[in-house]
Structures are given as C-alpha cells and as structure tokens.
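Using full-length UniProt numbering, the first residue of the sequence shown is number 1, and each one after it goes up by one. Idealized CB from N, CA, C, for every residue including glycine. Okay, structure first, notes after.
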Amino acid sequence: MNFKIKRLKNISDTYFPEAWKLYQEAFPIEERRLLEAQINILKNSIYHFDVILHQNKFIGFLLWWNFETLNFIDHFATVSAHRNKGFGKKNIENFIKNNQKLVLLEVELPDTEINKRRIQFYERVGFHLNSHYYETPDLSNNQKAFQLLLMSYPKELTFKNIEQFTTIYQPIIFNK
C-alpha cells in the first residue's frame, strides 16, 4: 500500500471539496469546525490538513497539530469505500512511526458499538485509552462542552500531561 500525503494550505486546493465533504459526513456537528473557522485555522503553521492519496485518488485525511512536546490528531477519516481494508491502520502507523513525540487524540465514550470499534482500532496500533475525565468544547457553535476520552501513544497519560494539554494546547486547538 503506497500512499502520498499532501498538506493543504487553503480551501482552493483541488482535494479540499472531497475532504470537506468527508469531514462533514464522518463527524457529528459538535466535533466539526465551521468552514470559516477551518479557513482561519489553515493559516496556523502548526496545523496540518493532510489529505491521503492512493494512486492519486483521495482516500482520506489526517488533521493534526504539531506542538512542541506532542502531536494532537484532531480528525482522521477514510472514505467509506476504503474502510476495513487496512488503509487507516497503515496511515496511523506511518504517522506515529514518523513522530518522536507523544501523540494524543480524542474518542467518543464507548457507549455504542461503533465507538467501541473505533477505540479498539486505535488500541490495535498501540494507543492507550486514558480514564481521566476530559471535556472538549463544542466546535460547531460554542455550545456547552462535552465529555470525550483521550487516547495516547506510546504511553498512558499522567495527570500532569492532561493538565498541560488542557491549559496550554486545548485553547490553541479550540481557539479559546
């Protein structure tokens, strides 16, 4: 499986419409940025909007933040035609292999079968599910924060890691 990663810097890129459509389909509204917010965040040098190409066709994206002490995977999705074929696993494995920092991502509570499967997917590539209480702001319209769980690679988080993430990095990610 050969992949090409292309970083998008603005919405005029050829692949942006496909990526934005997948973004809107793959995530609940409270976990999505509005288009205007996405346009603004693309200007941030530490934010990466990476599209994943296979045989020059768009198959997914990995949206992530490159902070000094950690990388935060903001959103990751694969188009439905390429799910359950190992594409997502390979892309996440490549991402963590090429990063020497702690990697964090958010997952929904394991209260549905799909949420449980998503957690298991990340555990299979080496992520740890952390049990610390964690809230994230609503991205769609600044409504009430809601609970998610943090997963981390290569190790579980300490309370200090969580505190650092929520006080230093979360305000940047969520523009608060």
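Cβ-based burial, residue i [other Cβ within 10 Å; buried from 16]
i	result
L109	exposed
Y133	exposed
S152	buried
T112	exposed
A145	exposed
N161	buried
R33	buried
Backbone CA spacing between residue i and residue j [nearest angstrom]
i	j	result
E56	F159	With the sequence shown as reference, residue 56 is identified as Asn, and Glu is not the correct amino acid for it. Those two C-alpha atoms are separated by around 42 Å.
N40	G88	27 Å
F174	T166	10 Å
A37	F127	29 Å
Nearest-angstrom beta carbon gap, residue j and residue i [assumed within contact, 8 Å]
i	j	result
L157	L149	The pair is not a contact, with the Cβ atoms about 11 Å apart (cut-off 8 Å).
V51	A81	That pair is no contact at about 15 Å.
Checklist entry - Enumerated in chain order, which unbroken segments of the alpha helix (DSSP H) with a length of 4 residues or greater are wholly contained in the UniProt domain "N-acetyltransferase" (6–156)? => result 16–26, 35–41, 87–97, 113–124
Next on the checklist: Is it the case that the segment 96–113 contacts the segment 65–75, given that we only count it when at least three CB pairs across the two stretches are under 8 Å?
Outcome noted: yes
Checklist entry - Three or more beta-carbon pairs under 8 Å between the segment 115–128 and the segment 87–94, yes or no? => result yes
Checklist entry - Given 8 Å as the limit, is there contact between the segment 53–68 and the segment 3–16, that is, 3 or more CB pairs closer than that? => result yes
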